[in-house]
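Going by the numbering used here, the sequence shown opens with residue 1, and the numbers climb by one from there.
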Amino acid sequence: MINRRGFSTAVGLGTGAAAVSLTGVQGARAASAAPRQASTASTAAPAAHAAFPHLKQIRAGLLDVGYAELGPAHGPAVICLHGWPYDIHSYVDVAPMLAEAGYRVVVPYLRGHGTTRFLSGRTVRNAQQSAIALDIIALMDALKIEKAVLAGFDWGSRTADIIAALWPDRCKALVSVSGYLITNLEANLKPLSAGAEHTWWYQYYFATERGRLAMEDKTLRRDLTRLVWSTVSPTWDFDDATFDRTAAAFDNPDYAAVVIHNYRWRLGLADGERRYDALEKRLATRPVIGVPTITLDPERDPFTAPGNGSSYRDRFTGAYEHRSLKGIGHNLPQEAPAAFAQAVVDVSRM
């Protein structure tokens with residue numbers, strides 16, 4: 001078992017400048033880092049950190065990106081990418097742990113979220129997968145990060161997977177919750193089991209005008225996203241303050257447009273932009289990922305594929321480990337931060 005108090009010892013920091021004690025962090029959460037293909041156990045607990053100490057802004061590509069940054073400026077870079085319907089606070093406990101371990105941790109708001117803004121009103125509010133991946137490449141360029149460990153879940157996993165596949169020279173290693181999430185538009189046209197389709201209910205709701213209007217209405221949007229939180233993380237006992245902290249990121253003026261476009265595009269109901277066609281053509285081939293990778297499967301996430309990672313194992317051709325976390329739902333970094341942070345440290349040494 002690895003908890004917050006034992007994190008420094010568990011990752012082998014030893015003594016000297018890199019040796020960090022986390023004994024001052026309250027609210028320890030049990031988690032484990034397992035060997036290949038083993039299951040791990042983790043329990044949920046209240047968050048130890050209420051917020052990031054401060055946020056930064058930087059112009060990068062099409063965006064003015066809002067992001068949190070912790071840790072030494074010259075430490076090995078880790079970029080943590082959030083999913084939907086979440087924000088940077090999915091990493092509010094992970095980031096300090098990694099920063100104390102000597103990593104430079106960058107946690108950006110994705111386009112349409114939080115303080116991230118489009119630089120031009122003329123830019124299409126496009127959320128197809130390659131556009132979001134290029135946002136992160138542009139952010140790395142702006143921050144002068146040549147190479148980083150990329151770690152994410154949901155939209156963040158997909159984005160990290162794409163960068164690892166298409167720009168492996170920018171990705172030192174990868175932590176991907178739910179494994180290989182690169183979207184295949186042709187495959188997305190095929191029906192799933194009734195249970196799986198039921199889990200994806202909001203995706204089909206967003207395909208309607210009614211769903212779009214709901215996302216533009218603050219009250220209805222909050223109701224919908226909170227329901228998703230409860231559904232996909234059935235064991236996570238989050239409180240009102242935790243949800244409210246993240247829901248503030250949904251007040252971004254482009255939030256509804258970005259979210260609706262993402263889910264409609266994935267179903268073939270909205271067009272992408274021609275400038276991304278070449279990248280999407282490459283992604284349609286399901287490119288393999290050769291960088292060192294640890295995949296994490298949360299047991300209680302209804303989107304977790306059966307088979308303990310076997311359904312996507314062939315997409316990873318480099319050094320690889322798979323870990324399953326018992327009792328954990330979709331928002332894995334926030335529900336089991338010690339296990340997520342452990343995976344980042346471990347993969348950076350593979």
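Heads up, the beta-carbon is just placed ideally off N, CA and C, and yes, glycines get one too. Everything numeric in this text was worked out from a predicted model, so none of it was measured.
query	result
Looking at Pro85 and Thr219, is the spacing between their C-beta atoms short of 8 Å?	no
So what does DSSP say about Phe243, is it helix, strand or coil?	helix
Buried or exposed, going by whether 16 or more other CB atoms sit within 10 Å of the CB of Arg274?	exposed
Quick one: what's got a C-beta closer than 6 Å to Gly83's C-beta in the same chain, skipping five residues either side?	Phe153, Asp154, Trp155 and Gly156
Just mark Ala194 as buried or exposed, buried being the case when its beta carbon has 16 or more other beta carbons within 10 Å.	exposed
Can you name, in chain order, every residue of its own chain whose Cβ lies under 6 Å from the Cβ of Tyr103, other than the five neighbours on each side?	Gly71, Gly75, Pro76 and Val78
Run through DSSP, which three-state label would Asn86 get?	Before going on, a small fix: residue 86 reads as Tyr here, not Asn. Residue state, collapsed to three classes: coil.
How many Å lie between Tyr204 and Tyr255 at the Cα?	18 Å
Could you give the residue range of the alpha helix (DSSP H) that holds Ala343?	Pro337 to Val347
Would you report the Cα separation of Ala196 and Phe303, rounded to the nearest angstrom?	8 Å
Along the beta strand (DSSP E) that carries Glu321, what are the first and last residues, could you check?	Tyr320 to Lys326
Rank Gly329, Pro333, Ser90 and Ile162 by C-alpha distance to the C-alpha of Ala305 and give the top, closest one.	Gly329
So, under 8 Å CB-CB, Leu81 and Leu181 are touching, yes? Tell me the CB distance rounded to an integer number of Å.	Not a contact, Cβ separation roughly 11 Å.
Verify whether the separation of the beta carbon atoms of Gln128 and Ile162 is less than 8 Å.	no
Does the beta-carbon distance from Asn308 to Trp236 come in below 8 Å?	no
At the level of alpha carbons, what is the spacing between Gln342 and Pro253?	36 Å
Taking the alpha carbon of Arg245 as the reference point, which residue from Leu143, Thr285, Arg222 and Arg264 has its own alpha carbon closest?	Arg222
Does the distance from the C-beta atom of Val107 to that of Leu296 stay below 8 Å?	no
Pull up the CB-CB distance for Leu119 and Leu63, whole angstroms please, since I reckon it's below 8 Å.	6 Å
On the DSSP bridge assignment, give the partners of Val105 in chain order.	Leu70 and Val78
Report all residues from its chain with a CB closer than 6 Å to the CB of Val288; omit the five preceding and five following residues, and keep chain order.	Arg315 and Thr317
Rounded to whole angstroms, what's the CA-CA distance from Ala214 to Ala319? Just pull it up for me.	44 Å
So who's on the other strand from Arg59, going by DSSP bridges?	Asp64
Please work out which residues of its chain come closer than 6 Å, Cβ to Cβ, to Ala95, disregarding the five sequence neighbours upstream and downstream, and give them in chain order.	Leu70, Val105 and Val107
May I ask you to report which of helix, strand or coil DSSP gives Ile132?	helix
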